[in-house]
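Colleague: Just so it is clear: in the sequence shown, position 100 is 99 by numbering that gives the first Met the number 0, and no numbers are missing. Let me begin by handing over the structure; questions about it come next.
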Amino acid sequence: MGEKVRSEATVVAPIDTVWEVITDLPTYPEWTDGVLETEVLETTDEGYPHRGRFRVDAKVSEITYVIEYDYDEYDISWHLVEGDVISQLDGRYELRVDDDGNTFVTYQLEVDVDLPLPGFMKKRAAKSILEQGLQGLKSRAEAS
């Protein structure tokens with residue numbers, strides 16, 4: 000069982016802008032710390048990524064993994080299909096319009112690795128991935 004983490008943020012940008020940032024996998028290396036390369040392997044009928052490959056600098060080594068996405072209105076979820084070292088990578092973005100017309104984002108992540116690490120180190124790594132991803136998303140969408 001992986002380490003579960005969750006965070007929320009208000010992004011001062013329209014919901015469609017936030018959606019476009021999340022679904023534009025080729026730009027992830029530009030705004031997500033540690034992501035070195037991405038590749039869309041398969042798309043949905045609407046043109047959104049269905050499967051994507053990521054190459055990430057995990058500080059200890061570079062790792063590669065493939066995740067599969069599902070879409071439900073303004074919710075985007077994913078799960079790990081295959082990966083080096085990573086045995087679980089499940090996540091979800093929930094996007095909602097707040098009273099001011101901004102986008103309220105809930106980001107959930109569950110991560111596990113095939114390394115003998117203490118639970119607190121896994122939790123710290125999961126929290127770091129979550130915080131960096133949410134901050135990068137916020138910065139990118141607000142700059143668009």
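Backbone N, C-alpha and C fix where the C-beta goes; we use that ideal spot for every residue, glycine too. All figures in this text were calculated on a predicted structure; none of them were measured in a lab.
Cβ atoms of R50 and V34: under 9 Å apart, would you say?
Modeller: no
Colleague: Which of helix, strand or coil does DSSP assign to G1?
Modeller: coil
Colleague: Given a threshold of 16 other Cβ atoms within 10 Å of its Cβ, counted over all protein chains shown, does A125 qualify as buried or as exposed?
Modeller: buried
Colleague: Let me know the secondary structure DSSP gives P13 once reduced to three states.
Modeller: coil
Colleague: Give the range of the beta strand (DSSP E) segment to which E45 is assigned.
Modeller: First-last for E45: undefined, no H or E at that position.
Colleague: How is the alpha helix (DSSP H) around Y27 delimited, first residue to last?
Modeller: Run containing Y27: 27-30, per the alpha helix (DSSP H) assignment.
Colleague: Report yes if the C-beta distance between V39 and P28 is below 9 Å; otherwise report no.
Modeller: Contact flag unset, no.
Colleague: How far does the beta strand (DSSP E) with S143 in it extend, from its first residue to its last?
Modeller: Taken as a continuous stretch (DSSP letters only), S143 belongs to no beta strand (DSSP E), as it is neither H nor E.
Colleague: Would Y92 and I14 qualify as a contact pair, given that the criterion is a beta-carbon distance under 9 Å?
Modeller: no
Colleague: In angstroms with no decimal places, state the Cα-to-Cα distance between L133 and Y106.
Modeller: Their Cα atoms are separated by approximately 7 Å.
Colleague: Give every residue of the same chain whose Cβ lies closer than 8 Å to the Cβ of R168, excluding the five residues on either side of it in the sequence, and list them in chain order.
Modeller: Any question about residue 168 goes unanswered here, given that the chain covers just 0 to 143.
Colleague: In the DSSP assignment, find the beta strand (DSSP E) that holds V112 and state where it starts and stops.
Modeller: Per DSSP, V112 belongs to the beta strand (DSSP E) from 102-112.
Colleague: Hey, could you find the ends of the beta strand (DSSP E) E93 is sitting in?
Modeller: 85-96
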